[in-house]
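**Student:**
There are 2 protein chains.
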Amino acid sequence: MPDVLAEALEQVQREVDGAFDAFLPVPEDTRARLVEAMRYSVIGGGKRVRPLLVCATAQLFGVTRQAAVNAGCAVEAIHAYSLIHDDLPCMDDDEMRHGKPTLHKAYDEATAVLAGDCLHALAFDILTMSDTSNDPFVRAELVAALSRASGHEGMAGGQMMDIVSDEQEYDLQQVTRLQQLKTGALLAASVEMGAILGRVPPEGRTHLRAYARDIGLAFQIADDLLDVEGDEEKAGKALRKDEGQGKQTFVTLMGRDAARAQAEILVEQAGQHLASHGADATLLVELARFIVKRDH
Amino acid sequence: MPDVLAEALEQVQREVDGAFDAFLPVPEDTRARLVEAMRYSVIGGGKRVRPLLVCATAQLFGVTRQAAVNAGCAVEAIHAYSLIHDDLPCMDDDEMRHGKPTLHKAYDEATAVLAGDCLHALAFDILTMSDTSNDPFVRAELVAALSRASGHEGMAGGQMMDIVSDEQEYDLQQVTRLQQLKTGALLAASVEMGAILGRVPPEGRTHLRAYARDIGLAFQIADDLLDVEGDEEKAGKALRKDEGQGKQTFVTLMGRDAARAQAEILVEQAGQHLASHGADATLLVELARFIVKRDH
Numbered sequence: 005m006p007d008v009l010a011e012a013l014e015q016v017q018r019e020v021d022g023a024f025d026a027f028l029p030v031p032e033d034t035r036a037r038l039v040e041a042m043r044y045s046v047i048g049g050g051k052r053v054r055p056l057l058v059c060a061t062a063q064l065f066g067v068t069r070q071a072a073v074n075a076g077c078a079v080e081a082i083h084a085y086s087l088i089h090d091d092l093p094c095m096d097d098d099e100m101r102h103g104k105p106t107l108h109k110a111y112d113e114a115t116a117v118l119a120g121d122c123l124h125a126l127a128f129d130i131l132t133m134s135d136t137s138n139d140p141f142v143r144a145e146l147v148a149a150l151s152r153a154s155g156h157e158g159m160a161g162g163q164m165m166d167i168v169s170d171e172q173e174y175d176l177q178q179v180t181r182l183q184q185l186k187t188g189a190l191l192a193a194s195v196e197m198g199a200i201l202g203r204v205p206p207e208g209r210t211h212l213r214a215y216a217r218d219i220g221l222a223f224q225i226a227d228d229l230l231d232v233e234g235d236e237e238k239a240g241k242a243l244r245k246d247e248g249q250g251k252q253t254f255v256t257l258m259g260r261d262a263a264r265a266q267a268e269i270l271v272e273q274a275g276q277h278l279a280s281h282g283a284d285a286t287l288l289v290e291l292a293r294f295i296v297k298r299d300h
Numbered sequence: 005m006p007d008v009l010a011e012a013l014e015q016v017q018r019e020v021d022g023a024f025d026a027f028l029p030v031p032e033d034t035r036a037r038l039v040e041a042m043r044y045s046v047i048g049g050g051k052r053v054r055p056l057l058v059c060a061t062a063q064l065f066g067v068t069r070q071a072a073v074n075a076g077c078a079v080e081a082i083h084a085y086s087l088i089h090d091d092l093p094c095m096d097d098d099e100m101r102h103g104k105p106t107l108h109k110a111y112d113e114a115t116a117v118l119a120g121d122c123l124h125a126l127a128f129d130i131l132t133m134s135d136t137s138n139d140p141f142v143r144a145e146l147v148a149a150l151s152r153a154s155g156h157e158g159m160a161g162g163q164m165m166d167i168v169s170d171e172q173e174y175d176l177q178q179v180t181r182l183q184q185l186k187t188g189a190l191l192a193a194s195v196e197m198g199a200i201l202g203r204v205p206p207e208g209r210t211h212l213r214a215y216a217r218d219i220g221l222a223f224q225i226a227d228d229l230l231d232v233e234g235d236e237e238k239a240g241k242a243l244r245k246d247e248g249q250g251k252q253t254f255v256t257l258m259g260r261d262a263a264r265a266q267a268e269i270l271v272e273q274a275g276q277h278l279a280s281h282g283a284d285a286t287l288l289v290e291l292a293r294f295i296v297k298r299d300h
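So the protein lines, in turn, are chains A and B. Each residue of the first sequence is one higher than the one before, starting from 5 at the first, in our numbering. Each residue of the second sequence is one higher than the one before, starting from 5 at the first, in our numbering.
1) Go ahead and pull the three-state DSSP assignment for Met95(A).
2) Can you check whether the C-beta of Gly250(A) is within less than 8 Å of a C-beta belonging to chain B?
3) Going along chain A, which residues have a C-beta under 7 Å from Phe223(B)?
4) I need the straight-line Cα distance from Glu32(A) to Ser194(B), nearest angstrom please.
5) Suppose contacts are defined by Cβ-Cβ distances below 8 Å. Is Cys77(B) in contact with Ala23(B) by that definition?
6) Whole angstroms is fine: what's the gap from Leu28(A)'s alpha carbon to Gly49(A)'s?
7) Between Ile47(A) and the rest of its own chain, which residues show a CB-CB distance below 7 Å, the 5 nearest in sequence each way excluded?
8) With DSSP as the reference, please indicate the residues paired to Met258(A) in a beta bridge.
9) Residues of chain B with CB under 8 Å from Leu38(A), in chain order?
10) Across the segment 137 to 152 of chain A and the segment 110 to 117 of chain B, are there enough close Cβ pairs to call them in contact, namely three or more that are closer than 8 Å?
11) Within this structure, are the beta carbons of Glu196(A) and Arg209(A) separated by less than 8 Å?
12) In the structure shown, what three-state DSSP assignment does Lys109(B) receive?
13) Ile200(A) to Ile130(A), Cα distance in whole Å?
14) Going by DSSP in three states, Lys104(B) sits in which element: helix, strand or coil?
15) In the segment 187 to 210 of chain B, which residues sit with their C-beta less than 8 Å from some C-beta in chain A, listed in chain order?
16) What does the Cβ neighbour count give for Gln177(A), buried or exposed, with the cut at 16 atoms within 10 Å?
17) Please name the residue in Thr34(A), Glu40(A), Arg52(A), Arg37(A) whose C-alpha comes closest to that of Ala10(A).
18) Quick check: what's the CA-CA separation for Ile82(A) versus Val39(A)?
19) Might you give, ordered along the chain, the residues of its own chain that have their beta carbon closer than 8 Å to the beta carbon of Ala242(A), omitting 5 neighbours on each side?
20) Name the two residues that bound the continuous alpha helix (DSSP H) containing Thr61(A).
21) Does the distance from the C-beta atom of Gly198(B) to that of Leu221(B) stay below 8 Å?
22) How big is the Cα-Cα spacing for Phe254(A) and Arg181(A)?
23) Residue range of the alpha helix (DSSP H) that Gln15(A) falls in?
24) When the Cα of Pro6(A) is compared with those of Asp299(A), Arg293(A), His300(A), which residue comes out closest?
25) Quick test of the definition: if touching needs 3 or more C-beta pairs under 8 Å, does the segment 117 to 131 of chain A touch the segment 150 to 162 of chain B?
26) In terms of residue numbering, what span does the alpha helix (DSSP H) encompassing Met42(A) cover?
27) Could you tell me the boundaries of the alpha helix (DSSP H) in which Asp246(B) lies?
28) Answer yes if the segment 254 to 269 of chain A comes into contact with the segment 65 to 79 of chain A, meaning at least three C-beta pairs across the two stretches below 8 Å, and no otherwise.
29) Let me see if you follow: with CB-CB separation under 8 Å, is Pro105(B) close to chain A or not?
Structure below.
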């Protein structure tokens, strides 16, 4: 990983941890268990790819760091809630996440359902804070982008398509659509929110959306490859799950070599969409490269 | 029930059903199951007390009907998602709701978790629609009120205190606090959102907040009484659950008669807070009375 990216990831990890620590003081009543469970899930884990996408995009347009970190925390809170609920016994039934027990294993199922719900609400709460933006138009637009990307027309819709895929054989086009929703929508929202904070009008976001679409697919192809080739210890979670469930993925449908080649083409293409920003876009270009090269 | 209230409830039930029908077209892909589950939960069930609170408050300040109905749908979507998740086997494990099988019984647990999450996101999506308000400041304030009322500082926090109450003996003060969060916060948000739509500044909402606080407690006392005295068929859900779980409620802590008297005092007091609105507040006053007299 190039230094510029390593430093940026470290910085955003520190900032996001600090922000969640401030957002989530543990109350002195019996809600303590709930807030501790929320903190367990959002502090000190995860690569923080989505917050970095928000921050690196926002940086192109001179947005203050606190605004970008707050919006990044909102996306990360949505991402974290979705992982908590996906890990539940009635969903993917996973026991490890980010190298530690999943929330329902560390606490219990009821607390996991509720903590996920509370992180979901927290995301929108953060977006309406005045230090996220003092412009209510920006706040409302951020909420619109994130709620649309996370609901049935985005991430959760993709998750449903994924659940149904046990009973249904998807072709490459359907897997692409599924993944554009399940993984792509939130990555795209991260970039979009950076642009919204930068007051870039929708017609000025075309190249950013193209970048986001490409890295979204590349991200998922890399995930499918990791599921086949990855190291469980580095990944911090169970792998080889797709195969066990007989699931169609980019790897089963394209083969490993073609999938890897496709991911690399997408990353190359993603970088080209940002050419007009020159060296300012270095971080976004390096992040795209990291997304397909990561080992976890 | 007086005609004015019966007609208002019928109208808002029709409007909310119509709005959700429009918000939730069933897609022609494998997300269909998810959207059908969302529709199962939000169309054609529930008394719509919260949407009526929004509409009746908004009406005091000349807000357009569509704006009020949209905001009412957002609160109702939050209420519906919380019932879906509360009914899950790992939470209250309920089989009946609004006289029909709970969502995880009618579909399955994974679909119920996801449909709840999607209704949660839909609530915020609705609030950012331009026909909810063309003023972004109002949209952002609506989101802030609803996200705060539903997360760990509101409804879900109260739900956690309720779960923990199995292990802990709460006194009357703690039960009051629990219920102010679990039930009261969302009822209060309904009134608050009506005032936000009406562009009433925070300092002009004091009497509305006092009304909301009183009906919130009265609502929960009535609920506790219904759990002891109610008819399961009319309620459309399982009753006598508090007693079975040895839970402290207003009824166990105060006794039935004192609880009923307290609810009536609260309702009387709630009406007095609205005296300055004269006959314009009839609907809110009648709704308060209905809340303690309802048999379901």
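Where is the CB? At the ideal position from N, CA and C, for every residue including glycine.
**Tutor:** Per the coordinate set shown:
1) Residue 95(A) sits at position 91 when you count from the first residue of the first sequence. Residue state, collapsed to three classes: coil.
2) By one-based count along the first sequence, residue 250(A) stands at place 246. It does not: the Cβ of Gly250(A) has no partner Cβ on chain B nearer than 8 Å.
3) In the second sequence, residue 223(B) corresponds to position 219, counting from 1. Per Cβ cutoff of 7 Å: no residues; Phe223(B) is ~21 Å from chain A at best.
4) Here residue 32(A) corresponds to residue number 28 of the first sequence, with the count starting at 1. Here residue 194(B) corresponds to residue number 190 of the second sequence, with the count starting at 1. Distance between the alpha carbons of Glu32(A) and Ser194(B): 27 Å.
5) As a position in the second sequence, residue 77(B) is number 73, starting the count at 1. As a position in the second sequence, residue 23(B) is number 19, starting the count at 1. A Cβ-Cβ contact shorter than 8 Å links Cys77(B) with Ala23(B).
6) The residue labelled residue 28(A) in the question sits at position 24 within the first sequence. The residue labelled residue 49(A) in the question sits at position 45 within the first sequence. Rounded to the nearest angstrom, the two C-alpha atoms are 16 Å apart.
7) Numbered from 1 along the first sequence, position 43 holds the residue referred to as residue 47(A). Cβ contact annotation for Ile47(A) (same chain, cutoff 7 Å, sequence separation greater than five): Asp21, Phe24, Asp25, in chain order.
8) In the first sequence, the residue the question calls residue 258(A) occupies position 254. Answer by DSSP bridge pairing: none, since Met258(A) is not bridged.
9) In the first sequence, counting from the first residue as 1, residue 38(A) sits at position 34. Going along chain B in sequence order, the residues near Leu38(A) (Cβ under 8 Å) are His156, Ala160, Gly161, Met164.
10) Judged by Cβ distances under 8 Å, the segment 137 to 152 of chain A makes no contact with the segment 110 to 117 of chain B, as fewer than three pairs qualify.
11) Position 192 of the first sequence, counted from the start, is the residue given in the question as residue 196(A). Position 205 of the first sequence, counted from the start, is the residue given in the question as residue 209(A). Closer than 8 Å, so yes.
12) For the purposes of this step, residue 109(B) is taken as the residue at position 105 of the second sequence. Reduced to three states, the DSSP call for Lys109(B) is helix.
13) For the purposes of this step, residue 200(A) is taken as the residue at position 196 of the first sequence. For the purposes of this step, residue 130(A) is taken as the residue at position 126 of the first sequence. Those two C-alpha atoms are separated by around 15 Å.
14) Along the second sequence, read from residue 1 onward, the residue named residue 104(B) stands at position 100. Note: Lys104(B) maps to strand in three-state DSSP.
15) Here the close residues number zero.
16) Here residue 177(A) corresponds to residue number 173 of the first sequence, with the count starting at 1. Under this definition Gln177(A) is an exposed residue.
17) Position 6 of the first sequence, counted from the start, is the residue given in the question as residue 10(A). Among Thr34(A), Glu40(A), Arg52(A), Arg37(A), the Cα nearest to that of Ala10(A) is on Arg52(A).
18) What you label residue 82(A) is simply residue 78 of the first sequence in a count that begins at 1. What you label residue 39(A) is simply residue 35 of the first sequence in a count that begins at 1. Distance between the alpha carbons of Ile82(A) and Val39(A): 16 Å.
19) The count along the first sequence starts at 1 and reaches residue 242(A) at position 238. Excluding residues within five positions, the ones whose Cβ falls inside 8 Å are Asp98, Glu99, Met100, Glu236.
20) Here residue 61(A) corresponds to residue number 57 of the first sequence, with the count starting at 1. Note, Thr61(A): alpha helix (DSSP H), 53 to 64.
21) Sequence index remark: in the second sequence, residue 198(B) carries index 194 (1-based). Sequence index remark: in the second sequence, residue 221(B) carries index 217 (1-based). Against a cut-off of 8 Å, the Cβ pair of Leu221(B) and Gly198(B) comes out as no contact.
22) Here residue 254(A) corresponds to residue number 250 of the first sequence, with the count starting at 1. Here residue 181(A) corresponds to residue number 177 of the first sequence, with the count starting at 1. Taking the straight line from one Cα to the other gives about 12 Å.
23) Locating residue 15(A) in the first sequence gives position 11, counting from the first residue. For Gln15(A), the uninterrupted alpha helix (DSSP H) segment begins and ends at 7 to 27.
24) Taking the first sequence and counting its residues from 1, the one referred to as residue 6(A) is at position 2. Per the C-alpha coordinates, the member of Asp299(A), Arg293(A), His300(A) positioned closest to Pro6(A) is Arg293(A).
25) A contact exists between the segment 117 to 131 of chain A and the segment 150 to 162 of chain B.
26) Along the first sequence, read from residue 1 onward, the residue named residue 42(A) stands at position 38. From DSSP, the alpha helix (DSSP H) with Met42(A) extends over 36 to 46.
27) On the second sequence, position 242 is the one that residue 246(B) refers to. Note, Asp246(B): alpha helix (DSSP H), 245 to 248.
28) Too few Cβ pairs lie closer than 8 Å, so no.
29) Position 101 of the second sequence, counted from the start, is the residue given in the question as residue 105(B). By this cut-off, Pro105(B) is not an interface position.
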